[in-house]
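Presented below is the structure to which this report refers.
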Amino acid sequence: MINLTPNSFLYLLKETNPDTVAILDTESVYLGRPRFRSLFLAYGSSRRAFSKVKPVIVLGGNYLKGRNKSFLFMASTNDSNNQQFPLAIAIVERETSQTWQWFIFNLRTIYPDTTDLTIVSSMSQLIYQSLDTLYGIPGLLGLLQQASKAYTVPEFRHCFKAIRSKNSHCAEFLKALGFQRWSMAYSKGDRFNIHSSEVYDLRPMLKQDTIMNLLNFYHWHKTLIPCEHCLSAAKHLGISPLLMVGNIYSTDQWLQTYCETVSALPYIAHNNFPMEVNASKLMPPRNRPIVGRRKRCYLARRIEGNSQDHIPEGFYPYSLGGPPSICSRCRDEGHTAVTCFTHLRCCRCPAL
């Protein structure tokens, strides 16, 4: 098990854990020896349990500690108890727009896109470009802006027809929303380019019980967690509070999420692997030089005073560690000529 090659290890992992996806990307170098480039891994238990968790995928990443400075991609979600549930990981040479697209493309093939799927990320420029390339529809945003700013109805219909040809779901959503609410051609009033009202603060006027109860109802309808008003009404009507909570937060849903297991790898001799499994070892990724000036963590310290008694025992003027410093003035250890207070005898004076 310890001396397994990467291909044989991934072969055993997929054999012992069904539906596991492991994609290893290599490149050929000198004398045909392969070099590691990237690895994508998603366990079958995570794929089968994705239907039991919240339809949210959180994307993130961080650098790995080492001389190669590789990058780790992560995709996770939250279970019924709001705890992290891993979905997939990937290790790449560096963080670029191409590597993010490769990771999100493999992620989309495993977890297909649905109407209720939400992707949450730090919205860095690389992630945004990758999501826009894979999930976005080119030209849809520009057509929507043209349709909203069209002054005549024929011009609006021409833009809206192009929107329908690109994405019919978006066209139906805009139609159900109402053209007069977002289109200038169907607007019944005049436009004065005023989009905010920061002069008057109307928030104290909205703090009424009836409005707040209505907002609490909408909050329960969206979050599937009842508020105190809903619980009081359910208790008055004789309804169990457990029926008010969404099924995604139930105990049965949480138990079904973790009913899948990850099997350990068995012991198989090297000569028992199939012929299609490449038994060659991989070379590590390329070492990328560190850009910029090297960090030096030394700091010279000066002891105040004019007596050697003020110098603490074992004091080193530099924080780099290693052997103690040797003074070039008195040839003693533990300090330098800058902090040396030893009275040296003149060579012309008689010996004391």
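One rule links them: number in this note's numbering = place in the sequence shown (from 1) + 1101.
The C-beta atom is built at its ideal place from N, Cα and C for all residues, glycine as well.
Contacts around residue i, its chain only, beta-carbon distance under 8 angstroms, and the 5 residues preceding and following it disregarded
i: T1127; result: P1135, R1136, F1137, R1138 and L1383
i: T1197; result: L1227
i: S1171; result: Y1164, L1165, I1192, V1193, E1194, R1195 and P1386
i: S1341; result: A1335
i: D1217; result: P1156
i: P1305; result: Low confidence applies to P1305: its pLDDT is 49, below 50, so where it sits in the model is not reliable, and the reading given next is rough at best. Taken in chain order, the list of residues that qualify is empty.
In DSSP terms, what residue i is bridged to
i: N1268; result: Paired residue(s): none; N1268 is not in a bridge.
i: N1163; result: L1173
i: T1117; result: Answer is none; T1117 lacks a bridge partner.
i: E1128; result: R1136
i: I1192; result: L1140 and L1173
i: I1427; result: E1434
i: P1187; result: S1177
i: I1158; result: I1220
i: M1384; result: R1136
i: V1346; result: Answer is none; V1346 lacks a bridge partner.
i: A1286; result: BP columns for A1286 are empty, so no partner.
i: V1122; result: A1143
Supposed contact pair residue j and residue i - C-beta distance, whole angstroms, cut 8 angstroms
i: K1250; j: M1285; result: 6 angstroms
i: F1186; j: V1154; result: 5 angstroms
i: S1225; j: Q1202; result: The Cβ separation is near 13 angstroms, so there is no contact.
i: L1188; j: S1152; result: Rounded, the Cβ-Cβ distance is 12 angstroms, inconsistent with contact.
i: N1268; j: L1241; result: 6 angstroms
i: L1325; j: G1347; result: 3 angstroms
Three-state secondary structure (DSSP) of residue i
i: F1174; result: strand
i: T1437; result: coil
i: Y1252; result: coil
i: S1136; result: At residue 1136 the sequence reads Arg, which differs from the Ser that was named. Looking at R1136 - three-state DSSP - the assignment turns out to be strand.
i: L1325; result: coil
i: I1220; result: strand
i: Q1247; result: helix
i: A1150; result: helix
i: A1277; result: helix
i: A1365; result: coil
i: A1082; result: Because the chain in this structure spans residues 1102 to 1453, residue 1082 falls outside the shown range and cannot be described.
i: A1263; result: helix
i: S1341; result: coil
i: T1197; result: coil
Cβ shell of residue i (< 6 angstroms), same chain only, five flanking positions each side left out
i: A1191; result: F1141, F1174 and F1204
i: A1474; result: There is no way to answer for residue 1474, as the model of the chain reaches only from 1102 to 1453.
i: G1145; result: N1118, P1119, D1120 and T1121
i: Y1287; result: F1280 and Q1281
i: I1238; result: K1267 and N1268
i: Y1112; result: V1378
i: S1223; result: none
Chain-order list of residues whose beta-carbon lies under 7 angstroms from that of residue i (same chain, five-residue window excluded)
i: T1219; result: P1156 and V1157
i: L1114; result: T1121, A1123 and L1366
i: V1300; result: Its pLDDT being 43, under 50, V1300 is placed unreliably in this model, and the coordinates cannot settle the point.
i: G1162; result: F1172, L1173, F1174, M1175 and E1196
i: C1441; result: C1428, R1430 and C1431
i: R1149; result: D1120 and E1361
i: W1355; result: D1180, S1181 and N1182
i: P1107; result: L1125 and L1383
i: V1363; result: N1118, Y1144 and S1146
i: N1388; result: R1168 and N1169
i: Q1309; result: With a pLDDT of 45 at Q1309, under the threshold of 50, the modelled position of this residue cannot be trusted; read the value that follows with caution. Counting only Cβ-Cβ distances below 7 angstroms, and skipping sequence neighbours, we find nothing.
i: C1260; result: L1244, Q1247, A1248 and A1251
For the structure I just gave you, are there three or more beta carbon pairs, one from the stretch 1176 to 1192 and one from the stretch 1350 to 1359, closer than 8 angstroms? yes
Does the count of Cβ pairs from the stretch 1208 to 1228 and the stretch 1137 to 1156 closer than 8 angstroms reach three? yes
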